[in-house]
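Residues 1 to 465, numbered by this note's numbering, are exactly what the sequence shown covers, in order.
Notes for the one structure printed next.
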Amino acid sequence: MASAGEAGKLWGGRFTGPVDPEMDKFNASLRYDRRMYRQDIKGSKAYASAIQKAGLLTREEETQIQRGLDQVLSEWETGSFEVRPSDEDIHTANERRLTELVGAPGAKLHTGRSRNDQVAVDTRLWLRDVIQEQLEPLLREMITTLTDRAEAEVDILMPGFTHLQPAQPVRWSHWLMSHAWFLRSDLRRLQQLTQRVDSCPLGSGALAGNPFAVDRAALAAELGFTAVTPNSMLAVSDRDYIAEFLFWVSLLGTHFSRLAEDLIIFSTPTFGLVHIADAYSTGSSLMPQKRNPDGLELARGKAGRFLGNCVGLMTALKGTPSTYNKDFQEDKELLFDSADNVTGVIRVMTGVVSTMTVSADRCRQLLSEGMLATDVAYYLVRQNVPFREAHNLAGKCVALAEAKGVPMRQLSLDDFQGISAAFGADVASIWSFEASVEQYQAEGGTSRTAVLKQVAQMRESMAAA
Ligand code: ARG
């Protein structure tokens, strides 16, 4: 081997001068893509078997390669894999080590293959594993946690807010389910995007395809893919599945951020609706009385990072010419960062939600009669008063109570009848928060039956998903 040039590198043949050490460092991705070692070896094992079937390896050569790759895998798993300075990325590192172990047959493994189709298959396999092994189960657990709480705490009433102003009484469980439904859609989206991850690019070569009649369908099946990418130029060029995943993480992150924000507000002493467990709170180094919801604040903050990663990849892809460009190597740190952090967010948020306590008393205290003003209007509607007029008359009741400095329920029947003859003695029935929420019987509303129906619908839909 030549001493000058880049003979130590797998692509060194045509080079005579060395690569600048800074450039070497700049170019290398092993530091982070080594975490795909398992997928890289899996892809290589399947490829070895495919090129053996295509007549490019003898059975004996293939067996040696398979054993060698098993050995490389076990070196990674046990931490004994020795990285060389010439190992640019996980693909070159594994192939270099394989060839050291098995000699000549190792040098045949890359026949018809390129790192362009190799990195694409590795990344798809890696993402598919993370989705199946972590994200989907974690998200399911979170949805179940919210749903179980909703059922168990269906009788607790709380103020519902719009514009963060007290609006109408709702069931606490209705609020819980509103967040569960956001996540339910995220789970569906995850399953949908997984279908697009689930397409095998291996056998596309550098860009033109595979010249050795490799059976791509068999190769895909071997790797557990349900489809084969339909165009080799697309296959090495396509990072859409990563962009889509990064967007998915951004949207999920936004949903968690909003849940976190609700809980941050609800857990302030001023609101006092929920108590976040010690396990997810921290103290202040200065103010002894503080309980800070750091877990929730971090979950909220991560949403910014997720969107940044998504925008980062989209911007890197934009303007790249057809097929593979090294710009694409930038996909991995963004992908890994979003995947790692989003699993953290789901885990912590599931922990927060399953351990927090809700104060039914405090929820009730924060229900104010003003929140029943809509109910006064609905009372009149039930007496056949057109809604616009009823709304106006209810407003007069609010104003009269304010003028007298009393809550509305303390207005006399005469006061009410002075505003509208449609008021009867049963006006007193309005002053029940329980009765108020129970009006909302229509599907998707906050009555007990309607909320329990949501719980059942959620369980059914999760069982089918
Ligand atoms: N480390 C590279 C990446 O992550 C692998 C593909 C390199 N291909 C190439 N032709 N330079 O994108």
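Glycine is no exception: its CB is placed at the ideal position from the N, C-alpha and C atoms.
{"Query": "Distance CB(Gly-272)-CB(Arg-362) smaller than 7 Å", "Result": "yes"}
{"Query": "Which of helix, strand or coil DSSP assigns to Ser-3", "Result": "Any reading at Ser-3 must be qualified, since the residue scores a pLDDT of 40, below 50, and its modelled position is unreliable; the value itself is stated next. Three-state result, Ser-3: coil."}
{"Query": "Close-in-space but distant-in-sequence residues of the same chain around Ala-2 (CB under 7 Å, 5 per side omitted)", "Result": "Caution applies to Ala-2, whose pLDDT of 37 falls short of 50 and renders its modelled position unreliable; the value that the coordinates give is listed next. Closer than 7 Å at the Cβ level, and outside the excluded window around Ala-2, lies no residue."}
{"Query": "Alpha carbon of Gly-103 to alpha carbon of Gly-205, nearest angstrom", "Result": "23 Å"}
{"Query": "Spatial distance of Leu-372 from Ser-173 (CA atoms)", "Result": "20 Å"}
{"Query": "Straight-line gap, Ala-4 to Asp-24 (C-alpha atoms, nearest Å)", "Result": "With a pLDDT of 43 at Ala-4, under the threshold of 50, the modelled position of this residue cannot be trusted; read the value that follows with caution. The straight-line gap from Cα to Cα measures roughly 15 Å."}
{"Query": "Rounded Cβ spacing between Thr-254 and Ala-303 (contact assumed at less than 8 Å)", "Result": "5 Å"}
{"Query": "Any non-hydrogen atom of the ligand ARG within 6 Å of Phe-328 CB", "Result": "yes"}
{"Query": "Collapsed DSSP secondary structure at Thr-357 in the structure displayed", "Result": "strand"}
{"Query": "Within 7 Å, strictly: CB atoms of Leu-193 and Ala-50", "Result": "no"}
{"Query": "Cβ distance (whole Å) where Leu-448 is taken to contact Val-154 below 8 Å", "Result": "Reading off the sequence, residue 448 comes out as Arg, not Leu. About 6 Å separates the two Cβ atoms, so the contact holds."}
{"Query": "Cβ neighbours of Phe-247 in the same chain (closer than 6 Å, five flanking residues each side left out)", "Result": "Cys-310"}
{"Query": "The beta strand (DSSP E) enclosing Leu-157, as first and last residue numbers", "Result": "157 to 162"}
{"Query": "Secondary structure of Asp-166, DSSP reduced to three states", "Result": "Inspection of the sequence shows that residue 166 is occupied by Pro rather than by Asp. Looking at Pro-166 - three-state DSSP - the assignment turns out to be strand."}
{"Query": "Own chain partners of Glu-460 with C-beta closer than 6 Å, once the 5 adjacent residues on each side are dropped", "Result": "none"}
{"Query": "Spatial neighbours of Ser-232 in its chain, beta-carbon cut-off 7 Å, leaving aside the 5 residues before and after", "Result": "Ser-204, Gly-205, Leu-207, Ala-208, Gly-209"}
{"Query": "Ser-86: CB within 6 Å of a non-hydrogen atom of the ligand ARG", "Result": "no"}
{"Query": "Counted within 10 angstroms of its Cβ, other Cβ atoms place Asn-341 as buried (16 or more) or exposed", "Result": "buried"}
{"Query": "Best match in Arg-409, Thr-268, Ala-28 for proximity to Val-83 [C-alpha to C-alpha]", "Result": "Ala-28"}
{"Query": "Pairwise C-alpha distance: Tyr-440 and Gly-319", "Result": "52 Å"}
{"Query": "Minimum C-alpha distance to Arg-97 - residue among Gly-112, Glu-75, Arg-115", "Result": "Glu-75"}
{"Query": "Cβ-based neighbour list, Val-121, same chain, cut-off 6 Å, excluding 5 preceding and 5 following", "Result": "Gly-43, Pro-201, Leu-202"}
{"Query": "Glu-438 and Pro-407 closer than 7 Å at C-beta", "Result": "no"}
{"Query": "Classification of Pro-159 by the beta-carbon crowding that lies within 10 angstroms, buried from 16 upward", "Result": "buried"}
{"Query": "Touch test, the segment 108 to 127 against the segment 326 to 337, Cβ-Cβ under 8 Å, three pairs minimum", "Result": "yes"}
{"Query": "Residue environment, Ala-463, which counts as buried when at least 16 other CB atoms sit within 10 Å", "Result": "exposed"}
{"Query": "Validate contact between the segment 138 to 152 and the segment 401 to 419 using beta carbons, cut 8 Å, 3 pairs", "Result": "no"}
{"Query": "Backbone secondary structure at Ala-227 - three-state DSSP", "Result": "strand"}
{"Query": "CB contact flag (Val-249, Ser-338, <7 Å)", "Result": "yes"}
{"Query": "Pick from Trp-126, Pro-293, Leu-223 that is closest to Met-349, judged by C-alpha positions", "Result": "Pro-293"}
{"Query": "Three-state class that DSSP yields for Asn-292 in the structure shown", "Result": "strand"}
{"Query": "From Val-170, Asp-375, Thr-162, Leu-139, residue whose alpha carbon lies closest to that of Gly-351", "Result": "Leu-139"}
{"Query": "Own chain, CB closer than 8 Å to Phe-161, minus 5 neighbours either side, in chain order", "Result": "Ala-167"}
{"Query": "Host alpha helix (DSSP H) of Gln-195 (start-end)", "Result": "172 to 197"}
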